[in-house]
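Participant:
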Amino acid sequence: MNVIEGLERKLDQLMKEPNNPLLFNQIGVLLYQVKDWKYAEMYFKRAYQLSPVNKDILYNYASLLYQQAQFQKAIPLYEAYLELLKDDKEVMQKVRNCYYQLGEYESAGKMVEQLQKV
Numbered sequence: 048m049n050v051i052e053g054l055e056r057k058l059d060q061l062m063k064e065p066n067n068p069l070l071f072n073q074i075g076v077l078l079y080q081v082k083d084w085k086y087a088e089m090y091f092k093r094a095y096q097l098s099p100v101n102k103d104i105l106y107n108y109a110s111l112l113y114q115q116a117q118f119q120k121a122i123p124l125y126e127a128y129l130e131l132l133k134d135d136k137e138v139m140q141k142v143r144n145c146y147y148q149l150g151e152y153e154s155a156g157k158m159v160e161q162l163q164k165v
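All you need for my numbering is the position in the sequence shown, starting with 1, plus 47.
(1) Just confirm the distance between the C-beta atoms of V142 and I122, as a whole number of angstroms; I'd bet it's less than 8 Å.
(2) Just reading off the alpha helix (DSSP H) that E151 is part of, what are its end residues?
(3) DSSP three-state label for Q73, please.
(4) So for K133, helix, strand or coil by DSSP?
(5) Which word fits Y79, buried or exposed, when buried means at least 16 other C-beta atoms lie within 10 angstroms of its C-beta?
(6) Please determine, among A116, Y106, P65, the residue with the shortest C-alpha to C-alpha distance to L166.
(7) Count the other CB atoms within 10 Å of the CB of N72; is the residue buried (16 or more) or exposed (fewer)?
(8) With E64 as the anchor, note down where its alpha helix (DSSP H) starts and where it stops.
(9) Any idea what DSSP makes of D83, helix, strand or coil?
(10) Between Y128 and the rest of its own chain, which residues show a CB-CB distance below 8 Å, the 5 nearest in sequence each way excluded?
(11) Whose C-alpha, out of L70, L54, E55, is nearest the C-alpha of Q96?
(12) Does A127 come out as helix, strand or coil in the three-state DSSP assignment?
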């Protein structure tokens, strides 16, 4: 099954389950794979609204925002993710990079300190 077929199937499922955050997340992932950033963000955002503490949704939504250099929006999502998985070095590094890109060097430094403790 290619990405487009997968997307069609997920959209059909979504018509039957319009409040299923996992379907919104899965559609967001498929849209991300075909580099449809605008709609991927829309689906990840809706998934997040429906399930704001799902680690996969938090990670995927934050990663899309990070990839789009929307660092200010990505930080709180990554931080919520880290509340669930405190020792995820990759995400800690991304948070550090977000702060650095925003010129918030003190916050970036604090994240480096946290990374060294892990």
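Ideal placement from N, C-alpha and C gives every residue a C-beta, glycine not left out.
Facilitator: To lay it out plainly:
(1) Yes, they are in contact, since the Cβ atoms of V142 and I122 sit about 6 Å apart, within 8 Å.
(2) Careful: E151 lies outside any alpha helix (DSSP H) and carries neither H nor E.
(3) DSSP places Q73 within a helical segment (H, G or I) once states are collapsed to three.
(4) Collapsing the DSSP output to three states places K133 in coil.
(5) Answer is buried; the Cβ neighbour count reaches 16.
(6) Lying outside 48 to 165, the shown extent of the chain, residue 166 is not represented and no answer is given.
(7) With 16 or more Cβ atoms within 10 Å of its Cβ, N72 is classed as buried.
(8) Taken as a continuous stretch (DSSP letters only), E64 belongs to no alpha helix (DSSP H), as it is neither H nor E.
(9) In the three-state DSSP reduction, D83 falls in the coil class, being neither helix nor strand.
(10) Taking Y128 as the centre and dropping the five residues before and after it, the same chain places the C-beta of K102, L105, Y106, A109, D135, V138 closer than 8 Å to its C-beta, in chain order.
(11) Just measuring C-alpha positions, the residue of L70, L54, E55 sitting nearest Q96 is L70.
(12) It is helical.
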